[in-house]
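The working numbering applies: residue 2 is where the sequence shown begins, and numbers increase by one.
Don't be surprised by glycine CBs; every beta carbon is placed ideally from N, CA and C.
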Amino acid sequence: MRLRGWLVAGILMALLLAVGGVGLSVNRSALRAAENVHRADSLALATNNGGLAAELLRVSAKELNDFITNHPLSLTPGDEGDTAALQDYAAKSTYFGYGLVLTDLVGHPLNATDTANMFPDPESIGFKPLISGLALGEPGFSSIMTVKDTLVQAVAVPIVVGSAPVAILYGFIPVVKSQIQEYLVKLRDDSHVSMLVDSAGTVGASSSPELVGTLVDSAIIARIGSTDSVFVSYTENGRSMIATVHGGLPGGWAYVRTQSTATFDGPVRNRSLTINLALLTMLVVAVAGLAVLAYRSQLVRRRAEERFSALVEHAPDVVTVLDAEGLVAYSSPSAERILGAVAVGSPVFDLIHPDERDHVRERFAGLLQQRGGVERMQVRVRHADGNHRWFDLTASNQLHNPALNGVVVNARDITDSREMQDRLAHDAHHDPLTGLPNRRRLHQRLSASLPDTPVGVLFVDLDGFKPVNDALGHEAGDELLRQVGARLSDCLRPADVLARVGGDEFVLLLPGVGPGDDAGPLLERLRAQIGEPFEIYGHEVRIGASIGVHLAAAGEHPDAVLRTADEAMYAVKHGTDRPGRHRA
């Protein structure tokens with residue numbers, strides 16, 4: 002009997018040890034999979050945000066180029082006209098509120114918005130990355146520089162006449178009031194800090210404004226030059242920290258997101274360690290007594306399930322398991338909090354936006370053919386209130402895994418990031434004052450239409466706008482431009498395009514209107530609309546318009562079409578056949 006008892010006890014202990022080993026292995030695999038997905042998502046987010054920051058830097062350089070294009074400068078030292086143009090532009094600029102400096106190619110100042118030595122020393126080390134960018138024929142972006150306790154960043158573009166550069170225009174951004182600083186503060190999250198860091202490690206923008214102008218940790222500085230998103234571990238005030246760094250931005254800048262290691266890893270690892278310790282304790286108790294083991298194993302298992310349930314319920318992501326038909330077999334409790342409803346038993350495709358449903362079905366069918374395959378996609382998912390929100394989905398085919406027997410989908414809400422991306426894309430192609438398409442968007446539409454379709458191009462220049470601007474002020478001038486844009490829009494067909502290309506100049510594209518068509522009625526209607534008085538801040542204002550017309554045949558070059566319309570407008574404005582204005 003005693004031998005039999007020991008034999009039974011030995012068999013039971015062996016089984017328990019085997020079960021315990023399997024439990025530890027499964028728990029370790031689940032933890033590793035969750036950490037891999039989390040790290041991959043963090044790197045993808047850093048790459049996306051770094052790309053958005055780089056685009057915003059390029060948009061600032063584009064604004065300088067647009068100014069040069071629309072405001073030809075004399076490039077004469079101390080020229081009063083150049084000074085007035087620079088000061089007027091700085092007052093209106095979205096970026097360069099600190100000021101602008103015009104220099105020759107070796108850095109000698111020709112003109113500036115302020116002559117009181119309010120700009121960085123030309124020998125400052127912060128200009129080094131800017132000069133490197135200009136040497137490559139690209140816009141230059143400096144590091145952070147300090148001028149009389151003010152932190153600024155410089156953006157520079159060459160002024161080209163013919164095919165050779167003749168001067169350089171520098172714009173200075175007050176970093177604490179920059180557009181990207183406002184974005185980061187607006188998207189602030191207490192769990193982490195988002196920053197833009199220059200090549201020397203100085204913080205130029207941060208979701209925590211008090212960090213602007215400070216240096217990041219030396220470990221982060223060492224990885225700023227990395228063009229791929231990487232993780233950097235370091236210690237700050239005795240705390241273990243981890244940073245996600247995406248370098249390679251213009252001027253050697255980098256996007257950095259920092260948080261404590263404990264916050265980054267989250268409760269998953271802590272709970273996993275707790276479960277592992279509970280299983281080990283269970284095995285030790287099993288050796289001491291089988292009776293106690295049976296009771297303790299059930300207790301620990303129940304507690305582990307409760308912990309896991311609480312963890313999944315409060316997780317920021319939605320975890321869903323789908324069967325081979327796309328039906329929801331399991332949805333984490335967080336689904337009801339994030340999406341407003343639990344869809345267990347229903348087809349997941351019904352939640353996808355109709356425009357993306359067929360594409361998701363196709364990707365899902367392909368995933369079923371890949372054992373252990375993974376698919377990443379961004380789609381719109383319907384909320385219980387009827388609206389659609391953007392989610393980043395990671396789907397893993399685990400149909401072969403008996404523990405899961407389905408396709409595991411991890412979904413993260415990225416609506417705020419997509420909205421920021423869409424806003425930046427819109428700002429890059431639209432005039433910030435009137436909301437109309439800008440010169441870049443106009444050129445894209447014209448290039449897309451001309452290969453196959455004739456296009457009528459009307460170049461409109463306002464007559465009498467400057468006296469209004471001078472008499473009533475720039476705000477009144479801006480309001481007049483907005484009202485002119487609205488009136489011109491009322492005269493267009495749905496397929497027509499109206500763009501503001503700078504100053505008081507507008508361009509209308511009329512697809513389908515070509516040589517042989519009569520644009521006279523439209524011209525009269527436009528002149529009549531603009532000729533009607535405008536109500537500007539209690540003042541009645543009257544202006545006119547000079548309109549140049551070119552009815553382009555299909556196949557003409559877009560630049561030649563715009564230039565011909567510009568020359569036609571110039572001839573109408575001056576009553577001569579003089580050629581169009583010189584553009585730098």
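Helix, strand or coil at residue i according to DSSP, with G and I counted as helix
i, result
"Gly374", "coil"
"Ala572", "helix"
"Ala566", "helix"
"Glu506", "strand"
"Arg240", "strand"
"Tyr184", "helix"
"Asn398", "strand"
"Gly79", "coil"
"His354", "coil"
"Arg579", "Residue placement at Arg579 cannot be trusted, given a pLDDT of 41 that sits under 50; what the coordinates show is reported in the next sentence. Note: Arg579 maps to coil in three-state DSSP."
"Thr203", "strand"
Where residue i falls, given that 16 or more other Cβ within 10 Å makes a residue buried
i, result
"Val162", "exposed"
"Gly127", "buried"
"Val176", "buried"
"Ser182", "The residue asked about is misnamed: residue 182 is Gln in this sequence, not Ser. Under this definition Gln182 is a buried residue."
"Thr203", "buried"
"Val167", "exposed"
"Tyr587", "Outside the modelled stretch of the chain, which goes from 2 to 585, sits residue 587, for which no answer is possible."
"Asp567", "buried"
"Gly576", "exposed"
"Ala569", "buried"
"Gln593", "With the chain covering 2 to 585 only, the question about residue 593 has no answer from this structure."
"Ile12", "exposed"
"Asn406", "exposed"
"Gly51", "buried"
"Thr259", "buried"
"Glu525", "exposed"
"Tyr571", "buried"
"Tyr171", "buried"
"Pro403", "exposed"
"Gly513", "exposed"
Whether residue i touches residue j by CB criterion (8 Å)
i, j, result
"Ser144", "Ala201", "yes"
"Gly515", "Gly465", "no"
"Val319", "Leu340", "yes"
"Arg362", "Leu437", "no"
"Ser450", "Val458", "no"
"Leu212", "Val194", "yes"
"Phe68", "Tyr96", "no"
"Met421", "Tyr256", "no"
"Gln370", "Asp393", "no"
"Pro101", "Ala92", "Per the sequence shown, the amino acid found at residue 101 is Leu instead of Pro. Against a cut-off of 8 Å, the Cβ pair of Ala92 and Leu101 comes out as no contact."
"Thr344", "Leu368", "Thr is not the amino acid found at residue 344; the sequence shown has Ala there. Contact: no."
"Gly248", "Ser234", "no"
Through-space distance from residue j to residue i, alpha-carbon basis
i, j, result
"Val542", "Ala472", "11 Å"
"Glu476", "Asp115", "22 Å"
"Val573", "Asp462", "10 Å"
"Asp351", "Leu328", "10 Å"
"Leu16", "Ala263", "36 Å"
"Ile548", "Phe460", "5 Å"
"Asp428", "Ala157", "20 Å"
"Ile132", "Leu58", "16 Å"
"Val148", "Arg488", "45 Å"
"Ser261", "Pro334", "27 Å"
"Val1", "Ser207", "Given that the chain is displayed from residue 2 to residue 585, the structure contains no residue 1 and the question cannot be resolved."
"Pro121", "Glu81", "23 Å"
"Asp83", "Leu111", "9 Å"
"Met196", "His431", "27 Å"
"Ala55", "Gly22", "49 Å"
"Thr104", "Leu44", "41 Å"
"Ile415", "Asp218", "29 Å"
"Gly503", "Asn71", "6 Å"
"Arg424", "Val285", "59 Å"
"Ser490", "Leu499", "7 Å"
"Ala553", "Val562", "7 Å"
"Leu493", "Ile225", "50 Å"
"Asp150", "Ile169", "26 Å"
"Asp591", "Leu188", "Here the chain comprises residues numbered 2 to 585, so residue 591 is not present and cannot be evaluated."
Per DSSP, the bridge partner or partners of residue i
i, result
"Asn112", "Leu103"
"Gln88", "Paired residue(s): none; Gln88 is not in a bridge."
"Phe535", "Val542"
"Leu152", "Thr147"
"Pro159", "Ile169"
"Ser547", "Asp462"
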